[in-house]
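Q:
There are 2 protein chains.
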Amino acid sequence: MTTAVVWLGGLTGSTPAQMAPSDPLPSWNDGATKQAIVEFVSRVTTTDSPDFVPVEDRIATFDNDGTLWAEQPVVQGMFVLARLKEMAAADPSLNQRQPFQAALTGDVEYFKQAGEEAIMELLAATHANMTQEQFEQEVRSFFETGVHPTLGVPYTQVTYKPMVELLEYLRANEFQTWICSGGGIDFMRVISQQFYGIPPQQVIGSSIKTEFIEQDGKATIWRLPELGRNNDKTGKPVGIDLHIGKRPVFAAGNERSGGDIAMLTYSQGRPGASFQLLINHDDAQREFAYQESDNASLNAAQTNGWNVVSIKNDWKQVF
Amino acid sequence: MTTAVVWLGGLTGSTPAQMAPSDPLPSWNDGATKQAIVEFVSRVTTTDSPDFVPVEDRIATFDNDGTLWAEQPVVQGMFVLARLKEMAAADPSLNQRQPFQAALTGDVEYFKQAGEEAIMELLAATHANMTQEQFEQEVRSFFETGVHPTLGVPYTQVTYKPMVELLEYLRANEFQTWICSGGGIDFMRVISQQFYGIPPQQVIGSSIKTEFIEQDGKATIWRLPELGRNNDKTGKPVGIDLHIGKRPVFAAGNERSGGDIAMLTYSQGRPGASFQLLINHDDAQREFAYQESDNASLNAAQTNGWNVVSIKNDWKQVF
Numbered sequence: 033m034t035t036a037v038v039w040l041g042g043l044t045g046s047t048p049a050q051m052a053p054s055d056p057l058p059s060w061n062d063g064a065t066k067q068a069i070v071e072f073v074s075r076v077t078t079t080d081s082p083d084f085v086p087v088e089d090r091i092a093t094f095d096n097d098g099t100l101w102a103e104q105p106v107v108q109g110m111f112v113l114a115r116l117k118e119m120a121a122a123d124p125s126l127n128q129r130q131p132f133q134a135a136l137t138g139d140v141e142y143f144k145q146a147g148e149e150a151i152m153e154l155l156a157a158t159h160a161n162m163t164q165e166q167f168e169q170e171v172r173s174f175f176e177t178g179v180h181p182t183l184g185v186p187y188t189q190v191t192y193k194p195m196v197e198l199l200e201y202l203r204a205n206e207f208q209t210w211i212c213s214g215g216g217i218d219f220m221r222v223i224s225q226q227f228y229g230i231p232p233q234q235v236i237g238s239s240i241k242t243e244f245i246e247q248d249g250k251a252t253i254w255r256l257p258e259l260g261r262n263n264d265k266t267g268k269p270v271g272i273d274l275h276i277g278k279r280p281v282f283a284a285g286n287e288r289s290g291g292d293i294a295m296l297t298y299s300q301g302r303p304g305a306s307f308q309l310l311i312n313h314d315d316a317q318r319e320f321a322y323q324e325s326d327n328a329s330l331n332a333a334q335t336n337g338w339n340v341v342s343i344k345n346d347w348k349q350v351f
Numbered sequence: 033m034t035t036a037v038v039w040l041g042g043l044t045g046s047t048p049a050q051m052a053p054s055d056p057l058p059s060w061n062d063g064a065t066k067q068a069i070v071e072f073v074s075r076v077t078t079t080d081s082p083d084f085v086p087v088e089d090r091i092a093t094f095d096n097d098g099t100l101w102a103e104q105p106v107v108q109g110m111f112v113l114a115r116l117k118e119m120a121a122a123d124p125s126l127n128q129r130q131p132f133q134a135a136l137t138g139d140v141e142y143f144k145q146a147g148e149e150a151i152m153e154l155l156a157a158t159h160a161n162m163t164q165e166q167f168e169q170e171v172r173s174f175f176e177t178g179v180h181p182t183l184g185v186p187y188t189q190v191t192y193k194p195m196v197e198l199l200e201y202l203r204a205n206e207f208q209t210w211i212c213s214g215g216g217i218d219f220m221r222v223i224s225q226q227f228y229g230i231p232p233q234q235v236i237g238s239s240i241k242t243e244f245i246e247q248d249g250k251a252t253i254w255r256l257p258e259l260g261r262n263n264d265k266t267g268k269p270v271g272i273d274l275h276i277g278k279r280p281v282f283a284a285g286n287e288r289s290g291g292d293i294a295m296l297t298y299s300q301g302r303p304g305a306s307f308q309l310l311i312n313h314d315d316a317q318r319e320f321a322y323q324e325s326d327n328a329s330l331n332a333a334q335t336n337g338w339n340v341v342s343i344k345n346d347w348k349q350v351f
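Chains as they are written, first to last, in the working numbering: chain A, 33 to 351; chain B, 33 to 351.
(1) By the three-class DSSP mapping on this structure, what secondary structure does residue 218 of chain B have?
(2) Let's test the definition: count the other Cβ atoms within 10 Å of the Cβ of residue 63 of chain A and tell me whether it reaches 16, buried, or not, exposed.
(3) Output yes if chain A places a C-beta closer than 9 Å to the C-beta of residue 396 of chain B; else output no.
(4) Just the chain B side, please: which residues come within less than 9 Å of residue 209 of chain A by C-beta, in chain order?
(5) Compare the beta carbon distance of residue 116 of chain A and residue 132 of chain A with 9 Å and say whether it is the shorter of the two.
(6) Is the Cβ of residue 337 of chain B closer than 9 Å to any Cβ of chain A?
(7) State yes or no: is the C-beta of residue 85 of chain A within less than 9 Å of the C-beta of residue 192 of chain A?
(8) Beta carbons nearer than 8 Å to chain B: which residues of the segment 281 to 308 of chain A have them?
(9) Might you give, ordered along the chain, the residues of its own chain that have their beta carbon closer than 8 Å to the beta carbon of residue 126 of chain B, omitting 5 neighbours on each side?
(10) Strictly below 9 Å CB to CB, what residues from chain A border residue 275 of chain B?
(11) Among the residues of its own chain, which have a CB less than 7 Å from the CB of residue 165 of chain B, if the five just before and after it don't count?
(12) Could you name the residues of the same chain whose beta carbon sits closer than 7 Å to that of residue 75 of chain B, not counting the 5 residues immediately before and after it, in chain order?
(13) Flag residue 98 of chain B as yes if its beta-carbon sits less than 9 Å from any beta-carbon of chain A, otherwise no.
(14) Tell me the residue span of the beta strand (DSSP E) that contains residue 185 of chain B.
(15) Less than 9 Å between the C-beta atoms of residue 219 of chain B and residue 171 of chain B, yes or no?
(16) Please name the residue, chosen from A:130, A:287, A:159 and A:158, that lies closest to residue 145 of chain A on a Cα-to-Cα basis.
(17) For residue 65 of chain A, which of A:194, A:321, A:169 and A:122 has the nearest alpha-carbon?
(18) For residue 332 of chain B, decide whether its Cβ has a neighbour in chain A, counting only Cβ atoms nearer than 9 Å.
(19) Would you kindly work out how many angstroms separate the C-alpha atoms of residue 242 of chain B and residue 317 of chain A, rounded to a whole number?
(20) Could you tell me if residue 348 of chain B is buried or exposed, where buried requires 16 or more neighbouring beta carbons within 10 angstroms of its beta carbon?
(21) Going by beta-carbon coordinates alone, are residue 187 of chain A and residue 112 of chain A separated by less than 9 Å?
(22) Would you please verify whether the beta carbon of residue 342 of chain B is less than 9 Å from any beta carbon of chain A?
(23) At the level of alpha carbons, what is the spacing between residue 285 of chain B and residue 73 of chain B?
(24) Using only CA atoms, which one of A:320, A:322 and A:296 lies nearest to residue 310 of chain A?
(25) Could you check where the beta strand (DSSP E) with residue 277 of chain A kicks off and where it finishes?
(26) Would you list the residues sitting across from residue 223 of chain A in a DSSP beta bridge?
(27) For residue 331 of chain A versus residue 211 of chain A, is the C-beta distance shorter than 9 Å?
(28) Can you list, in chain order, the residues of its chain with a C-beta nearer than 6 Å to that of residue 77 of chain A? Leave out the 5 residues immediately preceding and following it.
(29) Within the continuous beta strand (DSSP E) that includes residue 175 of chain A, where are the two ends?
(30) Name the chain C residues that come within less than 8 Å of residue 88 of chain B, Cβ to Cβ?
(31) Check the Cβ of residue 72 of chain A against every Cβ in chain B and list those closer than 8 Å, keeping chain order.
(32) Based on Cα-Cα distance, which residue from B:329, B:173 and B:231 lies nearest to residue 87 of chain A?
(33) Just by C-beta distance, which residues in the segment 239 to 258 of chain B are closer than 7 Å to chain A?
(34) Short of 7 Å in beta carbon distance, which residues of its chain neighbour residue 89 of chain B, apart from the five on each side in sequence? Order them along the chain.
(35) Any C-beta of chain B sitting closer than 9 Å to the C-beta of residue 129 of chain A?
(36) Can you give the Cα-Cα distance for residue 339 of chain B and residue 54 of chain B, rounded to whole angstroms?
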């Protein structure tokens, strides 16, 4: 391709636009980060490169909240609120009962006092005591009608365009793309194919316990009001090991809570080439600007030589 | 293809051998079971069929022990024994210490008395308190040198040829093939690609708990001496739901302990076409003959219309 472009360029006196190799990452500004991504992918997919990675090892894992879509507020939190409102409409006594009252009125102080038990009660009420099929239907309904509270658009439009391009670019280079998120595994699976081109079996997330039951003569999976696995922080490498069984060659996360440090460290520990990407939310104009109080993620990126995305500088377009 | 064969057949007076559609299941005898498999696959992959299943839903799950390879004795049990022998060679005091003594001398009565705790101690000694990489290396070593105790061949040769053909046939028809076994997930992952063409991320099995650690400056997964999830019986649909998030269109297991009844029931509960296969070990000459005391698996097959493989009658070749 390159040869043909050069040759035709010489012939016509300029590079014809229709012959230029199309940019696989058009929503990224040209710069060090984009260049590092393209160079890495080229390096690990070139058969005679010392860093060549065989196709079966081309595993890429992506955090979701703040990495693939906006997390201000966290979308699954909006789902919980929407479900609680529906439940309160059907049973108004919930408006006077804690922890529902606090959740419905946005009483953050209540949850600071009441702690994890109150959160678990909300989780149980909105995520458990139903079949897997019922839960999936509720998530689908939420996404069909839900609108982002501040951006004012359907949730399909709060995914980051540059990151969706990156997923497609990696897949075009025979990477298998995975989500590895602290969010609920069954929540994300409903939309992962439509939003990101990632099938449900390539989604790793936090889970509640389930059991196999036969109900009205039909065998199904029942969702129990009990936490299974927390797929955040050091839970992420554990989740990757459980679901994939090999270290990711490419891992991407974002700063906010230090949630992706362990996953990126685990990826970097693989023998052979690997790439770590950390998104810095520094664009208050086009998205949101927020930092960690201890700056742990950006410090780890600095120490370990991870590639930092500045949304402000690296992304031509955000959504 | 069919048209060309008929046409050439007419021309030459017989169907030329080189034009005959090649048999995708040559180790299966022609008969009801083989015919049912081929008809089902044709039905769900024909776009204008009412039973058409889109590629993304073509999930096939296979039990391993007794379904993909011989389970007399269970291979992972032989791994435990081999590890214990190595450990006893390094530390002869194990020969006088329970439960190691009982395991090393084949004292089945001891385990009937000592129960699950003794089994867990053996599991901890052979499967835990090491990194994931160390465990994988030990499994690899076992398969490099191990020989089946009664068949006298390497374990590569105790896989069932008809079932490996079936896996390949399904993949050729764009099914994604998975293992869903009561065996250890990390044990099977070491050989799943080589033995069955199934990558590690498509293996579901029983697991012990793990944690993420940083050891000598290297981040890794540490295996804890504690059971995580038991992927047998009703644990199988739970495992499929956790790892795949959708019901299998095709599910295969075998009779011995009732271990696959729940998985096959779960598969059959999907809306739309599905296929359940249950292997009956009825061939004492070429393999092993064994039945369940309560006949539960074969009874369930009868009640639910599952397809039963008679090894004696349906398989032209076993290994």
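Backbone N, C-alpha and C define an ideal beta-carbon position, used for all residues, glycine too.
A: With the given structure in hand:
(1) Note: residue 218 of chain B maps to helix in three-state DSSP.
(2) With a 10 Å radius around the Cβ and a threshold of 16 neighbouring Cβ atoms, residue 63 of chain A comes out exposed.
(3) Because chain B in this structure spans residues 33 to 351, residue 396 of chain B falls outside the shown range and cannot be described.
(4) None at all; the shortest Cβ gap to chain B is about 12 Å.
(5) A contact, by the Cβ cut-off of 9 Å.
(6) Answer no: the Cβ-Cβ gap between residue 337 of chain B and chain A never drops below 9 Å.
(7) Contact flag unset, no.
(8) Along the segment 281 to 308 of chain A, going in chain order, the ones with a CB nearer than 8 Å to a CB of chain B are 294, 297, 298, 300 and 301.
(9) Take residue 126 of chain B, set aside five residues on each side of it, and the residues of its chain with a beta-carbon closer than 8 Å to its own are 116, 119, 120, 132, 133 and 136, in chain order.
(10) For a Cβ distance threshold of 9 Å, residue set 233, 274 and 275 of chain A lies close to residue 275 of chain B, ordered along the chain.
(11) Contacts found: 252.
(12) Only 81, 83 and 305 meet the Cβ criterion.
(13) Not closer than 9 Å to any Cβ of chain A, the Cβ of residue 98 of chain B fails to qualify, so no.
(14) Per DSSP, residue 185 of chain B lies in no beta strand (DSSP E) and is assigned neither H nor E.
(15) Yes, the pair counts as a contact, with Cβ atoms nearer than the cut-off.
(16) Residue A:130 is the option with its Cα nearest to residue 145 of chain A.
(17) Taking the Cα of residue 65 of chain A as reference, the smallest distance to any Cα among A:194, A:321, A:169 and A:122 is reached at A:194.
(18) When Cβ-Cβ separations below 9 Å define contact, residue 332 of chain B makes no contact with chain A.
(19) Distance between the alpha carbons of residue 242 of chain B and residue 317 of chain A is about 42 Å.
(20) Under a 10 Å Cβ-count criterion, residue 348 of chain B is classified as exposed, with fewer than 16 other Cβ atoms of the shown protein chains found around its own Cβ.
(21) Contact flag unset, no.
(22) Chain A, which has no Cβ nearer than 9 Å to the Cβ of residue 342 of chain B, makes this no.
(23) Their backbone Cα atoms lie some 18 Å apart in a straight line.
(24) Answer by Cα proximity: A:296.
(25) Taken as a continuous stretch (DSSP letters only), residue 277 of chain A belongs to no beta strand (DSSP E), as it is neither H nor E.
(26) Residue pairing of residue 223 of chain A in beta bridges, as defined by DSSP: absent, with no partner found.
(27) Residue 211 of chain A is positioned such that its CB atom lies no closer than 9 Å to that of residue 331 of chain A.
(28) Non-local C-beta neighbours of residue 77 of chain A in its own chain, meaning closer than 6 Å and more than five positions away in sequence, comprise 205, ordered along the chain.
(29) It is not in any beta strand (DSSP E) - residue 175 of chain A instead sits in the alpha helix (DSSP H) that spans 164 to 177.
(30) Reference to chain C is not applicable here, since the protein chains of this structure are A and B.
(31) Here the premise fails: no neighbours, minimum Cβ distance about 20 Å.
(32) Residue B:231 is the option with its Cα nearest to residue 87 of chain A.
(33) Residues of the segment 239 to 258 of chain B that bring their beta carbon within less than 7 Å of a beta carbon in chain A comprise 239, 242, 243, 244, 250, 251, 252 and 253, in sequence order.
(34) Cβ neighbours of residue 89 of chain B within its own chain (closer than 7 Å, five residues either side excluded): 278 and 281.
(35) Put simply, the CB of residue 129 of chain A is far from chain B, with every gap to its CB atoms at 9 Å or more.
(36) Rounded to the nearest angstrom, the two C-alpha atoms are 24 Å apart.
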